[in-house]
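First the structure, in the form of structure tokens, and then the observations on it.
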Amino acid sequence: MQTEREALLAFKANLTDPSGRLSSWVGEDCCNWEGVICDNSTGHVAELKLRNTRLSDPFQEDGETSYQLRGEINPSLLELKNLTYLDLSLNNFGESTIPAFLGLLENLRYLNLSGSGFGGDIPPSFGNLSNLQYLDLNTFYYSSLESNNLRWLTNLSSLEYLNLEGVDLSKAGNYWLQATDMLPSLSELHLQACGLSEFPSLPFVNFSSLQVLDLSSNDFNSTPNWLFNISKLEYLDLSMNNLQGHIPDAVANMTNLRTLDLSQNSFLSHIPKALGNLCNLQTLDLSNNDLDGEITEFVDSLSKCTNSALESLDLGHNNLGGFLPSSLGLLQNLKSLQLWENSFLGSIPNSIGNLSSLRELYLSNNQMNGTIPETLGKLSQLVTLDISENPWVGVVTEAHFSNLTSLKEMSIAKQSLSPSLSLFFNVSSEWDPPFKLRYMKLRSCQLGPKFPPWLRNQNELNTFILRNAKISDTIPDWFWKLDLSLIELDLGYNQISGRVPNSLKFLPQATVYLNWNRFSGPFPLWSSNVTALYLNNNSFSGPIPEDIGVRMPNLTDMDISQNLLNGTIPLSIGRLSSLTTLTISNNNFTGNIPEFWNTLPFLYALDMSNNSLSGKIPSSMGSLKFIRFLMMSNNRLSGEIPSTLQNCTTLISLDLGDNKLSGNIPVVARGKDSTLSFLHILDIAHNKFSGSIPSCVGNLTGMARDFESQLYQGQVLVSTKGTEYSYQSTLYLVNSIDLSNNSLSGELPDLTNLSRLGILNLSMNSLTGRIPDSIGSLQRLETLDLSKNQFSGVIPPSLTSSTALAHLNLSYNNLSGEIPSKNQFQTLTDPSIYEGNPELCGPPLSKKCNKDGDERKRDDYDDGSEMLPIYISVLLGFLVGFWGVCGTLAIKKSWRLAYFKSLTMSKVG
1128 MQTEREALLA
1138 FKANLTDPSG
1148 RLSSWVGEDC
1158 CNWEGVICDN
1168 STGHVAELKL
1178 RNTRLSDPFQ
1188 EDGETSYQLR
1198 GEINPSLLEL
1208 KNLTYLDLSL
1218 NNFGESTIPA
1228 FLGLLENLRY
1238 LNLSGSGFGG
1248 DIPPSFGNLS
1258 NLQYLDLNTF
1268 YYSSLESNNL
1278 RWLTNLSSLE
1288 YLNLEGVDLS
1298 KAGNYWLQAT
1308 DMLPSLSELH
1318 LQACGLSEFP
1328 SLPFVNFSSL
1338 QVLDLSSNDF
1348 NSTPNWLFNI
1358 SKLEYLDLSM
1368 NNLQGHIPDA
1378 VANMTNLRTL
1388 DLSQNSFLSH
1398 IPKALGNLCN
1408 LQTLDLSNND
1418 LDGEITEFVD
1428 SLSKCTNSAL
1438 ESLDLGHNNL
1448 GGFLPSSLGL
1458 LQNLKSLQLW
1468 ENSFLGSIPN
1478 SIGNLSSLRE
1488 LYLSNNQMNG
1498 TIPETLGKLS
1508 QLVTLDISEN
1518 PWVGVVTEAH
1528 FSNLTSLKEM
1538 SIAKQSLSPS
1548 LSLFFNVSSE
1558 WDPPFKLRYM
1568 KLRSCQLGPK
1578 FPPWLRNQNE
1588 LNTFILRNAK
1598 ISDTIPDWFW
1608 KLDLSLIELD
1618 LGYNQISGRV
1628 PNSLKFLPQA
1638 TVYLNWNRFS
1648 GPFPLWSSNV
1658 TALYLNNNSF
1668 SGPIPEDIGV
1678 RMPNLTDMDI
1688 SQNLLNGTIP
1698 LSIGRLSSLT
1708 TLTISNNNFT
1718 GNIPEFWNTL
1728 PFLYALDMSN
1738 NSLSGKIPSS
1748 MGSLKFIRFL
1758 MMSNNRLSGE
1768 IPSTLQNCTT
1778 LISLDLGDNK
1788 LSGNIPVVAR
1798 GKDSTLSFLH
1808 ILDIAHNKFS
1818 GSIPSCVGNL
1828 TGMARDFESQ
1838 LYQGQVLVST
1848 KGTEYSYQST
1858 LYLVNSIDLS
1868 NNSLSGELPD
1878 LTNLSRLGIL
1888 NLSMNSLTGR
1898 IPDSIGSLQR
1908 LETLDLSKNQ
1918 FSGVIPPSLT
1928 SSTALAHLNL
1938 SYNNLSGEIP
1948 SKNQFQTLTD
1958 PSIYEGNPEL
1968 CGPPLSKKCN
1978 KDGDERKRDD
1988 YDDGSEMLPI
1998 YISVLLGFLV
2008 GFWGVCGTLA
2018 IKKSWRLAYF
2028 KSLTMSKVG
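Residues are numbered in the working numbering as their position in the sequence shown, beginning at 1, plus a constant of 1127.
Below, the structure written as structure tokens:
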């Protein structure tokens, strides 16, 4: 039809078509145009299929958005009066409103606008589409589509499929149920993520045709009774809500259910036995709840179904425990079994070998402390085996893998890096596995001491993890010749020696862990696909390649500490713009620290300690806006701390100890507002700092509040009690200041605001004055070292209230008076912590105290409160005596004359 052809061309004219999808829309016969389908008998345009088939999901990373049509929908479509099918899905109409005139296409039976970026309110004119059978307005969480009034829905009497996923229905109240319940032909209803918060209280609902109901990702907190009376329901998804209490037994009434998803809620208690009556169930997902107890009764009940239909069972991420029942082996149609992240005990039941259809088995992160059965080797359809993070014991043999011909992913790992392993691989050196793995994770299982020869034909690996496997061997040449392309290589925590070739190939975003071995030779330089590189604790030698920033520009994490590397820090590291952690400590690097830090905007942790670096600290380090750990101790750095470090406001740990830094300690706070409000580990010990300790140190608010442990990723060494301690998982609990071995002078500032300070070391300076009595308010102080200074006066009595104090050193000062003996001081009995103070006395020193003299010295700390009653008594006595004599003289004249007369005569005499 001429009018329909012209209408389509007008529709095309309003669109932007970057990929040329509509380039075929030329010529007279529009029925041959791409996406246009005509009725064979009438010749009218009946269907318009313009879905972007290159993009199945707007969020997929490799989706081709260049195939999206853009622009406006021209009203010329109204000329297509016989149009029954309109699909514009997965295009991009830029948050424009859905044209109301689409409601005038009265013959439409199919309308799909999903994922096309429409926004605003759904036009009420859609209520005119009385012939509509299929309506899909799924936003894919990609737009702000909403409907404040759903009354238009009630007119769609022919509707069979309705998808409003992501459409905001929060302002429509509870009318959503009434409106959809009035659609007699409705068989599928999708209302996930619609902002719904409660189920209307109704005695019953119709939903006589409803088979699929998806109400996931809302905020429902309870399940109504009418829900379990929808007799034809086959698919029910209530996942990702806030449902609480027990799983209702009434679910067992829904005997037609094939899929039940109650995951990611807050259900409590055990899994009801009644669920085992759902013999038609193919998929059951109860994961991510708070379910506890055993699963034996439930599985026993389910296994009694004649030919149980269950194919997928997911109970992961709960608190379930006990032993796995043998009845699991009776669920013979099971293809996926997910029991990870629970507290199951014991062994895998031998009956697991009966699950001949099983393709996925996930048992990781439990407490399964038994053996792995050989019957596992019967599962010829098994593709994924994950039984990692369990305390397995026993021996794994060839029989465990005898018929695993489909296996592609295998993960067997114990829970820790314990040096004593209890799971052993005992396979022949000639064994040729029946599988070709893509993913292999074997951690904390003993496979050594030789490098496993059965890997020689595993040429499809892209993830290869052989960590803490007790291997003390060189890697054979045949492994390097497998020509693998890896996404992850982890050989950490072995004793593997030899050199690593530069010929290894890696897939994008690859990670490499060769740490804690005996590898030697030059720094290995691989492709730009490597993002994380851990070579620490080996014997690599030579310099870092000068072109590392060019050859490996996508590095985000690099740890090359504890090696024999030398030379200077290459300038090309400044080109690693995505770098978040850089650890080069414990090597032999020399030279100045380069000035490239303003090109590393995401750097989170920097550790350059224990090298021979010299020169000044670069001022450009102040541009590290996200730095949390800055460690440069034990080098030869000189000069002052640059004031720009105040800009590093996210610092948690600053360690500049054991250098040659000088000058004053810079201001770290302005008034009461600390510029380093997260700092709670400060170490500038063993330098040449002079001047006084700035009072702003007392305003480091990070040492006065608790932090969440999730903020901490890293490892820090803290010196205390003469020993270095490594903190990692407990780092958020450490609050430490170490200013020892400098040339600091003056008095100790007020530190009472640092209420969570645990370690304070000011030893080996020239500090003077008294130890403030307020130091006793630091109730969490565990270590205090003020030795080798010039403090005077008595030990503050308030220090006895610091009940956490376990390590004290006050030696070699000018302290005097009696050593306190209360509370923690009863445990601080080593005389050496008080020696070098000639005027100190009392236990544990041999010098006895002169009670009178030492009482007077102790009175120096009195504020007068204890003497107040005595002062009052003396004053009252004085007043009574004074007024008893002088008052009388003032009142009685005869007495006054006699008194002065006698006083005059005594002077004459």
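By construction, the Cβ of each residue, glycine as well, lies at the ideal position given by its N, Cα and C atoms.
Contacts around residue i, its chain only, beta-carbon distance under 6 Å, and the 5 residues preceding and following it disregarded
i     : result
N1517 : N1493, M1495
Q1260 : R1236, S1285, E1287
L1631 : W1653
E1525 : V1554, W1558
V1332 : D1308, W1353
N1862 : H1807, M1830, R1883, L1884, G1885
P1971 : T1956, P1958
Pairwise C-alpha distance: residue j and residue i
i     : j     : result
C1165 : H1171 : 5 Å
E1966 : C1976 : 9 Å
S1806 : D1912 : It is Leu, not Ser, that sits at residue 1806 in the sequence shown. About 20 Å.
F1606 : T1143 : 53 Å
G1619 : T1590 : 14 Å
L1466 : N1416 : 13 Å
E1292 : L1272 : 10 Å
L1440 : N1644 : 41 Å
L1136 : V1163 : 12 Å
R1132 : E1206 : 9 Å
L1574 : L1531 : 20 Å
S1870 : N1892 : 5 Å
R1178 : S1223 : 18 Å
N1290 : N1255 : 18 Å
Y1961 : D1865 : 20 Å
T1802 : F1667 : 40 Å
G1742 : L1783 : 13 Å
R1583 : L1778 : 48 Å
G1896 : M1748 : 36 Å
F1578 : Q1585 : 14 Å
G1322 : H1934 : 57 Å
T1707 : Y1731 : 5 Å
D1989 : F1952 : In this prediction, D1989 scores a pLDDT of 48, lower than 50, which makes its location untrustworthy; the coordinate-derived value is nonetheless stated afterwards. About 20 Å.
S1529 : V1510 : 14 Å
Presumed contact (8 Å Cβ cut-off) between residue i and residue j, rounded CB distance
i     : j     : result
S1655 : P1680 : 6 Å
S1647 : R1626 : 6 Å
P1576 : D1600 : 6 Å
N1916 : L1894 : 4 Å
I1675 : I1696 : Contact doesn't hold; Cβ gap of about 10 Å is too wide.
DSSP beta-bridge partners of residue i
i     : result
N1290 : D1263, H1317
P1101 : Lying outside 1128 to 2036, the shown extent of the chain, residue 1101 is not represented and no answer is given.
C1165 : V1172
L1458 : Bridge partners of L1458: none, in fact.
I1792 : In the DSSP output, where bridge partners are listed per residue, I1792 has none listed.
R1645 : S1624
R1763 : S1741
Close Cβ partners of residue i (< 8 Å) along its chain, the five nearest in sequence each way excluded
i     : result
S1483 : Q1459, K1505, L1506, S1507, Q1508
S1789 : S1765, G1766, E1767, N1814, K1815, F1816, S1817
N1738 : I1711, S1712, N1713, N1714, N1715, F1716, T1717, N1761, N1762
L1564 : L1534, K1535, E1536, M1537, Q1585, E1587, L1588
Contact test: residue i Cβ vs the ligand MN heavy atom, cutoff 8 Å
i     : result
N1888 : Absent from the structure shown: the ligand MN. Ligands present: none.
Neighbourhood of residue i by C-beta, 7 Å cutoff - its chain only, sequence neighbours within 5 removed
i     : result
Q1689 : N1663, N1664, N1713
Min CB distance residue i to chain B below 9 Å
i     : result
L1611 : In the structure shown, chain B cannot be found, because there is only a single protein chain.
Inset, instruction - Inspect the CB distances between the segment 1323–1341 and the segment 1267–1278 and report whether three or more fall short of 8 Å. - result: By the criterion of at least three beta-carbon pairs nearer than 8 Å, the segment 1323–1341 is not in contact with the segment 1267–1278.
Inset, instruction - Take every Cβ of the segment 1331–1350, pair it with every Cβ of the segment 1362–1371, and state whether three or more of those distances are shorter than 8 Å. - result: Taking a cut-off of 8 Å for Cβ pairs, the segment 1331–1350 and the segment 1362–1371 touch, as three or more such pairs fall below it.
Legend entry - the segment 1376–1383 / the segment 1419–1436 touching (three or more Cβ pairs under 8 Å): Verdict: no, contact absent.
Inset, instruction - Decide if the segment 1213–1222 is in contact with the segment 1192–1201; the criterion is three or more beta carbon pairs, one per stretch, under 8 Å apart. - result: Contact between the segment 1213–1222 and the segment 1192–1201 is present, because at least three Cβ pairs lie under 8 Å.
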